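Enquirer: Have a look at the structure that comes next, please.
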Amino acid sequence: MKILVINAGSSSLKYQLIDMETKTVAAKGLCERIGIDGSLLTHKNRIAGTETVFEKPMKNHSDAIAMVIDALVSPECGVISSMDEIGAVGHRVVHGGETFADSCVIDDKVMDAIRECIPLAPLHNPANIIGIEACAKLMPNVKQVAVFDTAFHQTMPKQAYMYALPYELYEQKKIRKYGFHGTSHKFVSAEAAKLLGKPIEELKLITCHLGNGSSVSAVKNGKCVDTSMGFTPLDGVVMGTRCGSIDPAVVTYLIDNCGMTAKEVDTMMNKKSGVLGVSGLSSDFRDLSKAAEEGNERADLAVNMFYYSVKKLIAAYAAAMGGADAVVFTGGIGENDAKYRLAITDGLQFMGIKVDPEKNNVRGVTKDVSADDATVKTLVIPTNEELMIALDTERLCK
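Here the sequence shown is numbered in this note's numbering, starting from 211 and rising by one per residue.
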């Protein structure tokens, strides 16, 4: 079976065509500036190793999907002979609320439920819906599956996901912790069990998805029992441009004493804070590492705040689970930056976490980088959210 994976944004659309027999990507690409002048599709044929750019107006997501299909079946740059080779379509959907604890085949009821979650993800769910509707229009006989970023975290116990606010806010407005990056945490948890050679049902894992957006999850016996992102992706560790966890009274203070509107505070916390806000330099951790090495004190402070926030959560989640068998690093920083992994785990030796600097000198590969005398393993596992979406889609469409 070949599965088309779609990740639709408000003015963009990413895709991959995955051959499930070999678990390899046959083609991938990006539609940019949908509904805007200068629309283009960049299509990569992974089999032939070629890249083709199509510059053509895309009025909407239906136009974008049509261009994707044309590229996939093109005699010049395509990888399939006809649309009949596409067995199913898997869609990334950001928010499933409390309704979805697993991926599911899309029908009218599912679409209604996704629409009901729009207030929880007003920037993302509408775009996801548009992508689903565009595929349904052009491929009416092909099954479509929704894979939710929030679903993996729906196994959290109530004491982990509830906020200590008046209970009516949860009952009436569903204000609670949801968590995000669930597809990534689910994928690397399963891969960690394979690497350790043990059933996931017997493991306590702490998964660290670290990038410009970062989150940490506690995965006990294959189920998420806590995660760092909350009602929105703003909560948790210090990130590229997001502040992470702060005293909520800071918000009202800024409104009352600094003349800021609620919208301005929200924009500042999401787009102008994190390591960018602290350093005043960049949200790119590579830039900050270089600047810190050159003596920039604020860049050094920013990266140390990041290390500290992740390190605290690793220890906290070990406590929540009554121990840990392994810490997993993934995401752009987690799987590629040896220095960050070493800094985050330094000081956790009391828990049995100890990294071998020589083993740790790797990028983008699956590897156990633990020291020989470590009692808690440290693993590097590249994430593959698109493959996880395809696997869930295949499972539901067989």
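Positions of the beta carbon are idealized from the N, C-alpha and C atoms, including for glycine.
Fair warning: this is a prediction, and the values are worked out from it, not measured in the lab.
Alpha carbon to alpha carbon, what distance is there between residue 251 and residue 222?
Expert: The alpha-carbon atoms of residue 222 and residue 251 are separated by roughly 10 angstroms.
Enquirer: Is it the case that the stretch 569-580 contacts the stretch 524-534, given that we only count it when at least three CB pairs across the two stretches are under 8 angstroms?
Expert: The stretch 524-534, when compared against the stretch 569-580, does not touch it at the 8 angstroms Cβ threshold.
Enquirer: With H, G and I counted as helix, E and B as strand and the rest as coil, what does DSSP make of residue 577?
Expert: Note: residue 577 maps to strand in three-state DSSP.
Enquirer: Could you have a look at residue 359 and say whether DSSP puts it in helix, strand or coil?
Expert: In the structure shown, residue 359 sits in coil (DSSP, three-state: anything other than H, G, I, E or B).
Enquirer: Report yes if the C-beta distance between residue 619 and residue 440 is below 7 angstroms; otherwise report no.
Expert: With the chain represented from 211 up to 608, any question about residue 619 goes unanswered, as that position is not in the structure.
Enquirer: The beta strand (DSSP E) spanning residue 437 covers which residue range?
Expert: Here the beta strand (DSSP E) through residue 437 covers 433-437.
Enquirer: From what residue to what residue does the alpha helix (DSSP H) around residue 523 run?
Expert: Where residue 523 is concerned, the enclosing alpha helix (DSSP H) stretches over 507-531.
Enquirer: For residue 280, name the three-state secondary structure that DSSP assigns.
Expert: It is helical.
Enquirer: By the 10 Å Cβ neighbour count, where 16 or more other Cβ atoms means buried, how is residue 560 classified, buried or exposed?
Expert: Classification of residue 560: exposed, given that the 10 Å Cβ count is below 16.
Enquirer: In three-state terms, what does DSSP make of residue 191?
Expert: No answer is possible for residue 191: it lies beyond the span of the chain, which begins at 211 and ends at 608.
Enquirer: Note down the Cα distance separating residue 492 from residue 600, rounded to an integer number of angstroms.
Expert: Approximately 34 angstroms, taken between the alpha carbons.
Enquirer: Residues in its own chain within less than 6 angstroms of residue 358 by CB, not counting five upstream and five downstream?
Expert: If we look at residue 358 and ignore the five residues flanking it on each side, its Cβ neighbours are 303, 306 and 310.
Enquirer: On the DSSP letters alone, give me the boundaries of the alpha helix (DSSP H) that residue 229 sits inside.
Expert: Note, residue 229: premise wrong, no alpha helix (DSSP H); beta strand (DSSP E) at 223-229.
Enquirer: Can you tell me the Cα-Cα spacing of residue 404 and residue 411, whole angstroms?
Expert: The alpha-carbon atoms of residue 404 and residue 411 are separated by roughly 12 angstroms.
Enquirer: Determine the extent of the alpha helix (DSSP H) in which residue 327 is found, giving its start and end residues.
Expert: Residue 327 -> no alpha helix (DSSP H), and no H or E assigned at all.
Enquirer: Pull up the CB-CB distance for residue 415 and residue 429, whole angstroms please, since I reckon it's below 8 angstroms.
Expert: At roughly 4 angstroms, the Cβ-Cβ gap stays under 8 angstroms, so residue 415 and residue 429 are in contact.
Enquirer: Would you verify that the beta carbon of residue 227 is, or is not, closer than 7 angstroms to some beta carbon of chain C?
Expert: Any reference to chain C falls outside this structure, which holds one protein chain only.
Enquirer: Compare the beta carbon distance of residue 489 and residue 453 with 7 angstroms and say whether it is the shorter of the two.
Expert: Against a cut-off of 7 angstroms, the Cβ pair of residue 453 and residue 489 comes out as no contact.
Enquirer: Which runs of the alpha helix (DSSP H) spanning at least 4 residues fall entirely within the stretch 471-501, listed in chain order?
Expert: Here the runs fully enclosed are 472-481 and 484-489.
Enquirer: To test your reading of the DSSP string, which unbroken alpha helix (DSSP H) runs of 4 or more residues are found completely within the stretch 362-428?
Expert: 368-371, 377-383 and 392-406, all fully within the stretch 362-428.
Enquirer: Would a C-beta distance cut-off of 7 angstroms place residue 218 and residue 227 closer than the cut-off?
Expert: Going by C-beta atoms, residue 218 is not nearer than 7 angstroms to residue 227.
Enquirer: Measuring CB atoms only, is the stretch 580-598 touching the stretch 387-403, in the sense that at least three cross pairs come out at less than 8 angstroms?
Expert: Contact between the stretch 580-598 and the stretch 387-403 is present, because at least three Cβ pairs lie under 8 angstroms.
Enquirer: Would a C-beta distance cut-off of 7 angstroms place residue 347 and residue 272 closer than the cut-off?
Expert: Taking 7 angstroms as the Cβ cut-off, residue 347 and residue 272 qualify as a contacting pair.
Enquirer: If you measure between the beta carbons of residue 505 and residue 437, is that distance less than 7 angstroms?
Expert: Contact flag unset, no.
Enquirer: Quick check: the stretch 331-342 against the stretch 286-305, are at least 3 beta-carbon pairs closer than 8 angstroms?
Expert: Touching, yes.
Enquirer: Would a C-beta distance cut-off of 7 angstroms place residue 334 and residue 362 closer than the cut-off?
Expert: Contact flag unset, no.
Enquirer: What does the alpha-carbon distance come out to for the pair residue 546 and residue 563?
Expert: Their Cα atoms are separated by approximately 19 angstroms.
Enquirer: Alpha carbon to alpha carbon, how far is residue 554 from residue 393?
Expert: Cα to Cα, the separation comes out at about 23 angstroms.
Enquirer: Would you give the residue range spanned by the beta strand (DSSP E) that residue 262 belongs to?
Expert: Per DSSP, residue 262 belongs to the beta strand (DSSP E) from 260-265.
Enquirer: From the DSSP output, in three-state form, read off residue 460 for me.
Expert: Helix.
Enquirer: Between the beta-carbon of residue 446 and the beta-carbon of residue 427, is there less than 7 angstroms?
Expert: No, the Cβ-Cβ distance between residue 446 and residue 427 is not below 7 angstroms.
Enquirer: In the DSSP assignment, what are the bridge partners of residue 217?
Expert: Paired residues: 224.
Enquirer: Give me whichever residues DSSP pairs with residue 302 in a beta bridge.
Expert: Residue 302 is bridged to 357.
Enquirer: Taking only three categories from DSSP, how would you classify residue 451?
Expert: Here residue 451 sits in coil by DSSP.
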